[in-house]
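Have a look at the structure below before the remarks.
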Amino acid sequence: MFRRIKEDIATVFMRDPAARSVVEVFLCYPGLHAIWMHRLAHFLWRKNFKFIARFISHISRLFTGIEIHPGAKIGRRFFIDHGAGIVIGETTEIGDDVLMYQGVTLGGTSLEKKKRHPTLGNNVEIGAGAIVLGPIKIGNNVRIAAGSVVVKDVPDNATVIGVPGRIGLGFSPEEIKRLEHGKLPDPIADALQFVMREQEKLHKKIKELEKRIEDLTR
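In structure tokens form, the structure reads like this:
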């Protein structure tokens, strides 16, 4: 247990340049407190102490502003930065080394008692206010831009932007580590630029054909 706590604190120092001391991290990071309380609630949930688990989850929400259902499965080195307003549903599964900012929702889209929340791979980063809905799979090394709404599966090493989320590929794991929203691509703008380039090529070919026809008719 103490080894996991040390790992959690080390993760904060790795992820947040504002962290200054172990005491500060231990006492002043609600995202960390929410994760620790979730581990207890999840343990009780698996032991079939459902009511106690839900009550602990409820208390955690009151103190941290972060709602994590005790049934959710969360991997190691999970870090919630500025965690107010985060909601993580019951059948959510989160891999290792995931970073999540404020206002994120990992929500369900069904009223049936089945898998209805997202599954996140390893090394995923989700920007502020993003919404991921349904029993979809988010691959490894994925970044989801702030404010995006994701309702479809996302492959490994992809970036998702917009409403609904559109995929832009081509980021390395090193780039994924730096969630710089100002440098994210715009898939719609990229598509328009592609169309414009193709249109310019067609325009040149038409000009060449017209010139050849003129030469032949002289």
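Under the working numbering, think of the first position of the sequence shown as 14, with each following residue one higher. Cβ atoms here follow ideal geometry from the backbone N, Cα and C, with glycine treated the same way.
Decide if residue i is buried, meaning its Cβ has at least 16 other Cβ atoms within 10 Å, or exposed.
{"i": "H11", "result": "Examination of residue 11 is not possible in this model, given that the chain is present from 14 through 231 alone."}
{"i": "V112", "result": "One detail in the question is off: residue 112 reads as Leu in this sequence, not Val. Buried is the call here."}
{"i": "K19", "result": "exposed"}
{"i": "V208", "result": "exposed"}
{"i": "I72", "result": "exposed"}
{"i": "V35", "result": "exposed"}
Have a look at the options and flag the residue whose alpha-carbon is nearest the alpha-carbon of residue i.
{"i": "G96", "options": "T132, T122, D29, V35", "result": "D29"}
{"i": "R17", "options": "C41, V36, L40, L45", "result": "L45"}
{"i": "P83", "options": "K60, I144, D169", "result": "K60"}
{"i": "L40", "options": "E125, I22, G178, I180", "result": "I22"}
{"i": "I79", "options": "I69, V36, I99", "result": "I99"}
{"i": "K128", "options": "K86, I93, G140", "result": "K86"}
Would you report the Cα separation of residue i and residue j, rounded to the nearest angstrom?
{"i": "I157", "j": "E213", "result": "33 Å"}
{"i": "E227", "j": "N154", "result": "56 Å"}
{"i": "L53", "j": "G147", "result": "26 Å"}
{"i": "S161", "j": "M50", "result": "28 Å"}
{"i": "V145", "j": "V163", "result": "5 Å"}
{"i": "V137", "j": "T104", "result": "18 Å"}
{"i": "R179", "j": "H216", "result": "29 Å"}
{"i": "E125", "j": "T118", "result": "19 Å"}
{"i": "I219", "j": "R225", "result": "10 Å"}
{"i": "T143", "j": "E211", "result": "Position check: residue 143 holds Ala in this sequence, whereas Thr was assumed. Between A143 and E211, the C-alpha separation is close to 33 Å."}
Can you list, in chain order, the residues of its chain whose CB lies under 7 Å from that of residue i, leaving out five sequence neighbours each side?
{"i": "D109", "result": "G88, R89, R90, N135"}
{"i": "K165", "result": "I149"}
Excluding the 5 residues preceding and the 5 following residue i in the sequence, name in chain order all residues of the same chain whose CB lies nearer than 6 Å to its CB.
{"i": "A32", "result": "V25, F26, V38"}
{"i": "P43", "result": "T77, G96"}
{"i": "T132", "result": "E106, K150"}
{"i": "K63", "result": "none"}
{"i": "G152", "result": "G134, V167, P168, D169"}
{"i": "G120", "result": "G102, L146"}
Assuming the contact rule is C-beta atoms closer than 8 Å, residue i and residue j should be a hit. Round their C-beta distance to whole Å, please.
{"i": "Y114", "j": "I81", "result": "Their Cβ separation, rounded to whole angstroms, is 15 Å, which puts Y114 and I81 out of contact at 8 Å."}
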